[in-house]
Amino acid sequence: MAKKSPTKNRPASRLQPGVSSGSTSMRVIWGLAIAFFVLGFLLYAPSISYDFVYDDDAVLKENRFVKKGAEGLHEIWTTSYFKGYDENMNARAYRPIPLSMFALEVEYFGLQAKVHHFINVFLYGLTGLMLFLFLTRLLKKENLWLAAAITLFFVVHPVHVEVIANIKSRDELVAFLAFVSAAFFWLKGLDENKKWLVGLSWITYSIALFSKESAITTLAVFPLMLWFFRDKSWKEILLSISPFFLLVVGFLMVRSSVVGGLNEGVTLTVLDNSLLAASSTSERVASNIYVLGLYFYKNLIPYPLLSDYSFSTIPLRNWGDYQVWLSILLYLGLIALAVIGLFKKWKSAYGVWHFFATVSIFSSVIVLNVSPYNDRFNYNPSLGVCFLLVFGLFYFLGEQKCKLSFNGKKYALIALVSLIALAGIYRTITHLPVWKDRYTLFDHDVKLAPNNARMLKNKGGSLVRRAVAEQDKTKQAELADEAIGYLERALTIYHRLPTSHVYLGIMYGIKGELEKAEKAYKDALAISSTNVYAKTNLANIYYRQGKYHESLDLLNEVKPELYSANDKYLLYLIYSRLGDYDTAMEWKAQSGR
């Protein structure tokens, strides 16, 4: 009789491939999943006390549909994303789920920044949990610590700060969370032949689509999951993903019925995307290649991090710029890895394909994007880079098949993963306070982007708010002068900024320079003839100049539902001057004064 191996019945000293089975392994998986929830939550917990900032006004604080609470849900689902903020804004965005969440939060908790921030932080913690569950399911034949390292790198990645700290980016948060949840339910349903889980994946994927249109790009990721990590034929793969394709078609039909075609009526300007400033096709292509490199680079070196990259933060490039050629070499390498890896089923290639698929809609290669680059656009693509980075580390520092034994001499790998994670945590916790409020944010960003017209406008606008609220006349005048300086710099870089002209008018009005204020508002209206703020503020100037009929005519051009409390009080003053006291008192009552 052959002698039994002394190690045959010995308990495994490490987690083997297929760790998703067994009660001990499941306890480890859920323990790590909860740990990632806690890590994500605690990392961003300080932001719960932060104020509204930047685009929060457009989707929440100043969005009239959202402020209605539950009563605004019908309008949210039947209009474009920014309709409740500015009905004249030609943005073909349709994202009813994040707006509905905001409306319900207002309904039950009121307009409180801390509530909205808490939910963002909670959702990010939940993202860490669901991402880990998805990756353990995707990589079920690999080592558990691969999934753990990828999740760790993603959760602590500093490029995500804007997405969590800016309430407006709820669209990015929910879209990604719903995508990874859908992927987890789908894979688990297919692996275990549970149709109800597959059906649940369709529901969660629909949530992703109705949260942000960019979720459409993940349609290309689903078949790759089966190709790289499951033994499926292309016929089986296409059959499995067909419901997701139908969901995308259905979403596009709903979206089209509400807001029209993909870019119907939308006119992008140089301010939005600096690639439009290129003097030739050659310069534009070179600049676009550089921007593509920037998307990958910022995933590895997240500095600087800004709230906006509008004209002219990213300079145009030409073919003599070495950074353009570095970007070309980078992408040639990535394309080679992606293509060869596709045929040879190299699992690391999945990370490249995920990055390519999810960054495509923001790259301005297929369709010109609203901005050449933004940190929040890197949220989903960063998962692909984290995936590629971890597989590379495990391959070169661990065993070739990515099996890591903590009893082995793999301390270099453990140390490097820990070092990268700690660097990410440090960068995140030091950058997060920048998003405390609009004043802190723009003070920080304008120093790093002094040639950004929109950033200068934002900085000037933050000073306008301070000046308007300031009671001390001397201090108010100082703030007004400082604001005017930033606003004039913004207009020197890009003159067609109606908001900058409106802000200038407000500051000149505070200083009592009514003729300059009048000119500023007229300049704004010359650019945007329907600008409500320019009209109502110019009406105020006309009133102060004694031009009561001109003031009333301007206000009558504005829809009554768009009047602010101050506009209604101005109508009271005008009608009083014109001797129509009954109408005047009606407007005074409506003003709440």
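Numbers 0 to 592, taken from numbering that gives the first Met the number 0, label the letters of the sequence shown in order. All C-beta atoms in this analysis are idealised placements derived from N, C-alpha and C, irrespective of residue type, glycine included.
DSSP places threonine 312 outside both helix and strand once states are collapsed to three, so it counts as coil. Each of Phe152, Val105, Lys534, Leu103 was checked against the Cα of leucine 38, and the nearest Cα belongs to Phe152. Threonine 268 sits exposed, since fewer than 16 C-beta atoms from the chains shown fall within 10 Å of its C-beta. Between the alpha carbons of glycine 391 and proline 371 lies a gap of roughly 29 Å.
The region 345-362 makes no contact with the region 268-277: fewer than 3 CB pairs, one atom from each, lie closer than 8 Å. Annotated three-state conformation of glutamate 514 is helix, per DSSP. Shown here, proline 95 sits in a helix according to DSSP, grouped into three states. Straight through space, the alpha carbons of tyrosine 43 and phenylalanine 101 are spaced by roughly 20 Å.
Runs of the beta strand (DSSP E) spanning 3 or more residues and lying entirely within the region 548-573 do not occur at all.
Between alanine 533 and valine 501, the gap from beta carbon to beta carbon is short of 8 Å. Counting only residues of its own chain and dropping the five nearest sequence neighbours on each side, isoleucine 215 has a CB closer than 6 Å to the CB of Val247. Annotation: the region 417-474 contains the following complete segments of the alpha helix (DSSP H) (minimum length 4 residues), in chain order: 437-447, 452-468. Bounds of any alpha helix (DSSP H) do not take in arginine 375, whose DSSP letter is neither H nor E. Here DSSP, grouped into helix, strand and coil, assigns isoleucine 365 to coil. Taking the C-beta atoms as reference points, asparagine 119 is found nearer than 8 Å to leucine 172. The continuous alpha helix (DSSP H) containing isoleucine 505 extends over residues 497-509. In this structure the region 143-151 does not touch the region 163-170; the number of beta carbon pairs closer than 8 Å is below three. Relative to serine 590, the option among Leu561, Trp195, Ala466 whose CA is nearest is Leu561.
Between glutamate 517 and isoleucine 483 the beta-carbon gap is near 15 Å, outside 8 Å, which marks them as no contact. Nearest Cα to tyrosine 410 within the set Phe393, Trp324, Arg426, Ala422: Phe393. The alpha-carbon of valine 463 is positioned some 55 Å away from that of arginine 26. When DSSP states are grouped into helix, strand and coil, arginine 283 belongs to the helix group. Assigned with DSSP and collapsed to three states, valine 52 falls in coil, not helix or strand. Per DSSP, reduced to three states, the secondary structure at serine 24 is helical. Contact between phenylalanine 209 and proline 303 fails: their C-beta atoms lie close to 33 Å from each other, not under 8 Å. Taking a C-beta distance under 8 Å as the contact criterion, aspartate 444 and leucine 305 qualify as a contact pair. Under the Cβ criterion (8 Å, minimum of three pairs), the region 315-329 does not count as touching the region 494-512. Under a 10 Å Cβ-count criterion, asparagine 450 is classified as exposed, with fewer than 16 other Cβ atoms of the shown protein chains found around its own Cβ. Closest in alpha carbon position to cysteine 385, among Phe361, Ile365, Val416, is Val416.
For methionine 584, the enclosing alpha helix (DSSP H) has its first and last residue at 580-590.
By the Cβ neighbour-count rule, proline 559 is exposed, with fewer than 16 other Cβ atoms within 10 Å of its own. One alpha carbon belongs to leucine 274, the other to serine 281, and they sit about 11 Å apart. Given a length threshold of 4 residues, each whole run of the alpha helix (DSSP H) inside the region 136-201 is given here in chain order: 143-154, 160-164, 169-191. Measuring C-alpha to C-alpha distances from tyrosine 425 to each of Trp195, Leu554, Lys435, Pro301 identifies Pro301 as the nearest. The continuous alpha helix (DSSP H) containing leucine 331 extends over residues 321-343.
In terms of CA proximity to arginine 375, Ser168 leads the group Phe131, Ser168, Leu41.
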